[in-house]
Structure formats: structure tokens, C-alpha cells
Amino acid sequence: MALKLEEMTGLYLNQGAAQYGKEAVTQLQHALQCAHLAEVSGASHELVAAALLHDLGHLIASTAAGQATGVDDLHQFVAIPFLRGVFPAAVLDPIAMHVDAKRYLCFADPAYHATLSPASQRSLVLQGGPFDQAGADAFMAKPFASDAVALRRWDDLAKDPAAITPGWEHYQAVLGRVSGTLMPA
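Given below as C-alpha cells:
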């Protein structure tokens, strides 16, 4: 069942104060920073929406138990059924592929792994580790793979507790444009 934009907003505004894993930011700060980085990079509205919503799966399902027991929570897929029917593939696919983009970057860029936060390095192990050549080639052959890689890079940078971004209302308007609906302010 697809979530309404108002329900997505409610999840972020009500549960977004939770810490983002073991990072120094909240879920909401991380989402806003990622969207802001996409926006200032000149990304499409669809990719800005994907950047904002890429970790919605963390808010929909509890992930603490999965990480504590050493099981990948598959958060990149959890939100997709709730977003399908609301957003186009240009939003959904980068969200679904942002974990594989980390696996790709660890294979393609030898220096990339060292730039990951300790929490992201730990989750990489749970997520299958770096791709091999065949996995990297298969990943890059998919539509929106380049967008997922860009999203991944913003995701990695969106962990600054002192960052200043536009508020949720600003990105709420982007979600409305991309989904073809208007949200009340």
C-alpha cells in the first residue's frame, strides 16, 4: 500500500529525531543533508526526492535488531512498496540501488572504502562486501545506476551535525512536484 505524501512527512517529522545508526546526526538531518547535497549539485527533482527518501526504510521498519544480530536489514527495499505508485522509477530505482552503489564504489575506487564512516564500513560487510568485476558490470548496466552512485556519494557526506539545510517544507514541495500532487504547506 502506497504512503501518501502527508504520511511520509509524518514519519520524518515524528520519527526523524531518532539517531541515524551510529552516526552523529538524526534520521531527519541525514535526509535533509542528502537532499540538499543533491540539489546544490544540480540534480533533477526526481534525484533530489530519491536523496531525501533513500533511507525511509529505516523509519518504516526497526533496524536496530537486524544490525545487532548481524543481519542486513535491506532498508533499501523496505520503502519501495510504500513509494511505488507515488513516484516514478527515477526516484525508486536509485533508492533501491544505493546500497549496491556503495558495493560498486568499493570495487571501482580503491580509496573509497577509507572514506566511509566506521558504521558504513560495518554495514558494508552485512550487505555483501565490495562487488567483484561481474557484479560491478551488472550493476552499472542497470538504468539509473549512475544516479544511484551520485546518491551514494551524497549519502556518505550527509552526516555533519553542524550542517545547515533548507527545512522539510522546502523538500515537501519537491516531493509534490515529482509525485504530481500538491501537499498542503
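If you count by the working numbering, then the sequence shown holds residues 76 to 260, one letter each, in order. Don't be surprised by glycine CBs; every beta carbon is placed ideally from N, CA and C.
- When Cβ pairs closer than 8 Å are counted between the two stretches, the region 204–214 is seen not to touch the region 91–106, the count staying below three.
- With respect to Leu226, Ala176 sits close: the two C-beta atoms are nearer than 8 Å.
- Annotated three-state conformation of Thr240 is coil, per DSSP.
- Of the residues Ala93, Phe157, Met83 and Thr101, the one whose Cα lies closest to the Cα of Ala238 is Thr101.
- When only Cα atoms are considered, Gln151 and Leu78 end up about 16 Å apart.
- By the C-beta criterion, the region 125–139 is judged not to be in contact with the region 176–189, since fewer than 3 inter-stretch pairs fall below 8 Å.
- Phe219 and Pro169 have their alpha carbons spaced roughly 6 Å apart.
- Assignment of Phe206 by DSSP, reduced to helix, strand and coil, places it in the coil class.
- Each of His120, Leu127 and Phe214 was checked against the Cα of Ala183, and the nearest Cα belongs to Phe214.
- According to DSSP, residue pairing for Arg178 in a beta bridge does not occur.
- In terms of Cβ geometry, Trp229 and Leu112 form a close pair [threshold 8 Å].
- When the Cα atoms are used, Pro185 and Pro193 turn out to be separated by approximately 17 Å.
- Going by beta carbons, Ala99 and Lys234 fall inside the 8 Å limit.
- Distance from the CA atom of Leu167 to the CA atom of Ile155, rounded to whole angstroms, is 7 Å.
- Listed as beta-bridge partners of Gln94 by DSSP are Thr101.
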